[in-house]
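Below is one structure, written out as structure tokens, with a few remarks after it.
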Amino acid sequence: MFQRVDEEPTPMSLAEAHELGYEFDLTEGRLVFRATYGQPDSFCTEVNSVPVEAAHVTLFSRQHWVVLMVDLVAACSTDKGSYDDSGYMMWRTPEVLHPIISGIHETLFNIGINSDLVEPTVAEERGYIVEKDNGTVQISIPYTTEGGYRKVIMH
């Protein structure tokens, strides 16, 4: 069932959800839920003054007398980013992307480029900055960083 704020839950089979572009995957010890941006059952909200798009799903499974219910959220910051005069491009993301995630936890952030994790010492040498402040993480990358390129669009 897909859940949106102040609306009745929308029941849907896994096959229907898959046809709409949602992905559910069960691996050893992990249930994965993925969704692309702009899905019809997603919603936009703000967390710590940062725009976030999220999809909230409750997954039901029944086998004989056992019913399993799992609450899942796929969420991603939609912060457009900014550029400042010091030569950095910056993006913000909430440390916790959705209020359903509660309790004491620790979040670890690392930087990856082209799907490759950048070692913390290399990130520091390149001038990458990851700062946490009041539940918000700001990522700053130098405008002239290695591997970067500029793209100009004129109308």
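Using the numbering used here, count along the sequence shown one by one with no gaps and you end on 146. Yeah, the Cβ is synthetic: ideal placement off N, Cα and C, and Gly gets one too.
Next item on the list: Could you have a look at valine 113 and say whether DSSP puts it in helix, strand or coil?
Entry: helix
Next item on the list: Please name the residue in Ile130, Ala8, Tyr134 and Glu137 whose C-alpha comes closest to that of threonine 49.
Entry: Ala8
Check: Curious, which full-length beta strand (DSSP E) runs of at least 3 residues does the stretch 28 to 110 contain?
Finding: 34 to 38, 41 to 54, 57 to 68 and 79 to 85
Check: Is the distance from the Cβ of leucine 59 to the Cβ of serine 52 below 9 Å?
Finding: yes
Check: So what's glutamate 122 in DSSP terms, helix, strand or just coil?
Finding: strand
Next item on the list: Can you tell me which of the three DSSP states glutamate 10 falls into?
Entry: helix
Notebook entry, point to check: Among Cys67, Asp70, Asp16 and Gly118, which has the Cα closest to the Cα of tyrosine 79?
Noted result: Gly118
Next item on the list: State the Cα-Cα distance for the pair threonine 135 and aspartate 70, rounded to the nearest angstrom.
Entry: 21 Å
Checklist line | beta strand (DSSP E) segment containing arginine 21, residue limits | finding: 21 to 25
Next item on the list: Starting from serine 4, trace the beta strand (DSSP E) both ways and give me its first and last residue.
Entry: Run containing serine 4: none; DSSP gives neither H nor E here.
Item checked: Contacting residues, own chain, Cβ-Cβ under 6 Å from alanine 66 (five flanking each side not counted) -> Val43, Ala45, Leu88 and His89
Item checked: Best match in Gly12, Arg21, Asp107 and Glu122 for proximity to arginine 83 [C-alpha to C-alpha] -> Glu122
Check: Helix, strand or coil: which one does DSSP assign to threonine 18?
Finding: strand
Note to self: Check for me: the beta strand (DSSP E) holding valine 128 runs from which residue to which?
What the structure shows: 127 to 133
Notebook entry, point to check: Does the Cβ of phenylalanine 100 have 16 or more other Cβ atoms within 10 Å, making it buried, or fewer, making it exposed?
Noted result: exposed
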